[in-house]
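Taking it in order: structure first as structure tokens, then the write-up.
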Amino acid sequence: MIWMRYAVLTGCLVAGLVGSCFAEVAVPTIEDLPSLVMRYLDAQDSDEADRLLNAIRADPTASIETLSRILQAERAYQSQPVGTIPDEQVDLRGQAYSLSLFIPQTYQPTKRYGLVVCLHGFGFTGEEYLERWRTRLGDDYLLACPTYPSGAWFTRRAEELVLASIQRVRHRYSIDSDRIFLTGMSNGGIGAWLIGMHHAPLFAGVAPMASGLDGVLMPFLANLSNTPVYMIHGAKDQVMPVDLSRSLDHELTRLGYPHVYREHQREHPMAGGHYFPKEELPDLVAWFTRQRREPLPTSLTVVRDGSHFQTFNWVRIDSTDPIAAFSDDLVDKRDDRIKHRVYAKLDASIVGRNRIEVKTVHVQRYTLFLNEQLIDFSTPLTVVTNGGLSFEGIVTPSVEILLRQARLRHDSGRLFPVQLTIAVAKPAS
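So the sequence shown is residues 112 to 540, counted in our numbering.
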């Protein structure tokens, strides 16, 4: 509820004291709850967001059920430019980066579209990759190709640019949150691996091409348990050896994770075997079309270094033993913890009725984010960590938690009114 001030004459008029008898009275003007919620979600200033949050909480109709319906409702999108948009700007930490977009001419704000985010290789730009992809995806996808200097997608700022680019497109265009894909070629493929692994719950699929991973990063493949992968690599690649992708294929097979590995024998006159043959694209696009993100899987695995403590679907690692921590260039340093792959790991599964079992390695504290799709709020919840009872009792939904998580995630498929933090008991010595 938004308040305005106005002045009224009091009974002092009778005494003739007109000039001193004005009293300020607060009178409410009503703003409908859905508008307040949308303004809260979009607020750029934290103080403004807090003010709007308090206004929503003060509304007597703002129940968990009502707010959930508002948050799940389709956002009303306005008409936006279509066609090739070669040079959008994304501001990140005071620096502007180029974002090239392709929006089908048939785009309709009332329809939900898939989004393909493509990361270019060294020596290229997002606009150049846009030209290669835009005619091949069809009318059901929007295409976003950010540009990052030297294609250094394995840096922290590049990671932030990809996430900011996705958020910018989702804010303006009608995107299906269950159909966002990340792909990239060469250095861009490395970025697709890294960003895809660290932020796996965001994507319906990850498609790295002609790329690979350093061995110290292999443990993070565990994060892809619910995110399918499609790999393409040339057998005659002289830039990124094909053995890199073969090793990744082997590891994903060992983990039992869904993935496709395509190895081609073609060579390009300029690039040799280090390229993405156009003949491979129809099968990849058909794979995109078949994929849908599972918003709330009942089992999650998350592996983290000390610089990636973001939420991971309905779990978050909050505090750990001393573990490896990447620098802003992610893996440019090689201290002992990185060399020995000392990371934190958490496996969480919802089993039986209102029972969550968690196994951890190097985790001291973690948080569960819960809703009625995952558990029954009317009956006691049991949380078992490493075989020991961590929590047993009723959890109470909160309007504030629901709204804060909705603002943080911008994902109507994942709304969480309960936040439960668990301290991991130390093993008996």
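C-beta: ideal position from N, C-alpha, C; glycine also. Since the model is a prediction, treat every value here as computed from it, not as a measurement.
By DSSP, does S523 sit in helix, in strand, or in coil? Along the sequence shown, one-based indexing puts residue 523 at 412. Reduced to three states, the DSSP call for S523 is coil.
From D360, V353 and M351, residue whose alpha carbon lies closest to that of P339: By 1-based counting over the sequence shown, the position of residue 339 is 228. With distances taken between Cα atoms, P339 lies closest to D360.
Element boundaries [beta strand (DSSP E), containing E374]: What you label residue 374 is simply residue 263 of the sequence shown in a count that begins at 1. Counting along the chain, the beta strand (DSSP E) containing E374 begins and ends at H370 to H375.
Counting C-beta neighbours from all protein chains within 10 Å, is the total for V129 16 or more, i.e. buried, or is it exposed? Start at 1 with the first residue of the sequence shown, and residue 129 comes out as number 18. Only weak support exists for where V129 lies, its pLDDT of 39 falling under 50; the coordinates are left without a value.
Please list, in chain order, all residues of the same chain as R476 whose beta carbon is under 6 Å from its beta carbon, the five residues on each side excluded. What you label residue 476 is simply residue 365 of the sequence shown in a count that begins at 1. D429, S430 and A534.
Assuming Y341 is part of the beta strand (DSSP E), what are its boundary residues? Your numbering for residue 341 matches position 230 in the sequence shown. Taken as a continuous stretch (DSSP letters only), the beta strand (DSSP E) holding Y341 covers V340 to G345.
Three-state secondary structure (DSSP) at A534? As a working mapping, residue 534 is identified with position 423 in the sequence shown. Correct three-state label for A534: strand.
Tell me whether Q200 is buried or exposed, calling it buried when 16 or more other Cβ atoms sit within 10 Å of its Cβ. Locating residue 200 in the sequence shown gives position 89, where the first residue counts as 1. Counting Cβ neighbours within 10 Å, Q200 comes out exposed, since fewer than 16 surround it.
Return helix, strand or coil for E199, following the three-state DSSP convention. Position 88 of the sequence shown, counting from 1, holds the residue named residue 199. Here E199 sits in strand by DSSP.
Only counting the same chain, and skipping five residues up and downstream in sequence, which positions put a Cβ closer than 6 Å to that of F437? Locating residue 437 in the sequence shown gives position 326, where the first residue counts as 1. Result list for F437: D416 and S418, in chain order.
So is L101 buried or exposed if we call it buried at 16+ other beta carbons inside 10 Å? Because the chain here runs from 112 to 540, residue 101 falls outside it and cannot be looked at.
Mark V462 as exposed unless 16 or more other C-beta atoms lie within 10 angstroms of its C-beta, in which case mark it buried. The sequence position of residue 462 within the sequence shown is 351, counting from 1. Exposed, because fewer than 16 other Cβ atoms sit within 10 Å of the Cβ of V462.
Give me the Cβ distance between I467 and L479, rounded to the nearest whole Å; I'm assuming they're in contact under 8 Å. On the sequence shown, position 356 is the one that residue 467 refers to. On the sequence shown, position 368 is the one that residue 479 refers to. About 7 Å; that satisfies the 8 Å criterion.
Counting pairs of Cβ atoms below 8 Å between the segment 511–521 and the segment 168–182, do you hit three or more? yes
Can you say whether P139 is buried or exposed, counting buried as having 16 or more other CB atoms within 10 angstroms of its CB? Taking the first residue of the sequence shown as 1, we reach residue 139 at position 28. For P139, the predicted structure reports a pLDDT of 38, less than 50, and the residue's modelled location is therefore unreliable. A value from the coordinates is still provided. The residue in question, P139, is exposed, as its Cβ has fewer than 16 Cβ neighbours within 10 Å.
The beta strand (DSSP E) that contains K456, what's its start and end? The sequence position of residue 456 within the sequence shown is 345, counting from 1. Taken as a continuous stretch (DSSP letters only), the beta strand (DSSP E) holding K456 covers A455 to V462.
Starting from Q183, follow its DSSP beta bridges and name the residues at the other end. As a first step, residue 183 must be located in the sequence shown, where it is residue number 72. In DSSP, Q183 forms no bridge with anything.
Within 10 angstroms of the Cβ of V148, are there 16 or more other Cβ atoms? Answer buried if so, exposed if not. On the sequence shown, position 37 is the one that residue 148 refers to. V148 should be labelled buried.
Specify, as a first and last residue, the run of the beta strand (DSSP E) that Y224 falls within. What you label residue 224 is simply residue 113 of the sequence shown in a count that begins at 1. Y224 -> beta strand (DSSP E) spans Y224 to L230.
Hey, quick one: how far does the alpha helix (DSSP H) through S146 stretch, first residue to last? Working through the sequence shown from its first residue, we reach residue 146 at position 35. L144 to D153 is the span of the alpha helix (DSSP H), which, as asked, contains S146.
Could you tell me the alpha carbon to alpha carbon distance between A134 and A187, rounded to whole angstroms? The residue given as residue 134 occupies position 23 in the sequence shown. The residue given as residue 187 occupies position 76 in the sequence shown. With a pLDDT of only 42 at A134, under 50, the local geometry of the prediction cannot be trusted, and no value is derived from it.
By alpha-carbon positions, which one of N334, P380, R357 and G383 ends up nearest to Y368? On the sequence shown, residue 368 is found 257 positions in, with the first residue counted as 1. The option with the nearest alpha carbon to Y368 is N334.
Going by other Cβ atoms of all chains shown within 10 Å of its Cβ, with 16 needed for buried, is I141 buried or exposed? Counting from 1 along the sequence shown, the entry for residue 141 is found at position 30. Confidence at I141 is low in this model, with a pLDDT of 48, below 50, so the placement of that residue is unreliable and no value is reported for it.
Presumed contact (8 Å Cβ cut-off) between Y224 and L253, rounded CB distance: The residue you call residue 224 lines up with position 113 of the sequence shown. The residue you call residue 253 lines up with position 142 of the sequence shown. About 5 Å separates the two Cβ atoms, so the contact holds.
Whole angstroms is fine: what's the gap from Q155's alpha carbon to D522's? As a position in the sequence shown, residue 155 is number 44, starting the count at 1. As a position in the sequence shown, residue 522 is number 411, starting the count at 1. So the two alpha carbons sit approximately 17 Å from each other.
In chain order, what are the residue ranges of uninterrupted beta strand (DSSP E) at least 3 long that sit wholly in the segment 487–521? 492–496 and 499–504
Exposure of L500, with buried meaning 16 or more beta-carbon neighbours within 10 Å: Stepping through the sequence shown from its first residue, residue 500 is reached at position 389. Counting Cβ neighbours within 10 Å, L500 comes out exposed, since fewer than 16 surround it.
Specify, as a first and last residue, the run of the alpha helix (DSSP H) that E390 falls within. Counting from one through the sequence shown, the residue named residue 390 turns up at place 279. Counting along the chain, E390 falls outside any alpha helix (DSSP H), and DSSP gives it neither H nor E.
Rank T221, T364, L324 and V371 by C-alpha distance to the C-alpha of D354 and give the top, closest one. On the sequence shown, residue 354 is found 243 positions in, with the first residue counted as 1. The candidate whose alpha carbon is nearest that of D354 is L324.
Test item: CB-CB of F292 and G262 under 8 Å: Within the sequence shown, the letter at position 181 stands for residue 292. Within the sequence shown, the letter at position 151 stands for residue 262. Not closer than 8 Å, so no.
Taking the C-alpha atoms as reference points, what is the distance between P408 and T195? Within the sequence shown, the letter at position 297 stands for residue 408. Within the sequence shown, the letter at position 84 stands for residue 195. Looking at the two C-alpha atoms, the distance is approximately 36 Å.
Report the rounded CA-to-CA distance for I113 versus G524, giving the unit in angstroms. Against the sequence shown, residue 113 aligns to sequence position 2. Against the sequence shown, residue 524 aligns to sequence position 413. Low confidence applies to I113: its pLDDT is 33, below 50, so where it sits in the model is not reliable enough to give any reading.
Strand pairing of E468, partner residues [DSSP]: Here residue 468 corresponds to residue number 357 of the sequence shown, with the count starting at 1. Beta-bridge pairing links E468 to S460 and V495.
Alpha helix (DSSP H) containing V273: first to last residue? One-based indexing of the sequence shown puts residue 273 at position 162. Unbroken alpha helix (DSSP H) run through V273: R267 to R283.
Beta-carbon proximity list for R377, same chain, < 6 Å, skipping 5 on both sides: Your numbering for residue 377 matches position 266 in the sequence shown. Only P388 meet the Cβ criterion.
Three-state secondary structure (DSSP) of H379: Here residue 379 is taken as the residue at index 268 of the sequence shown, counted from 1. Of the three classes helix, strand and coil, the one that applies to H379 here is strand, per DSSP.
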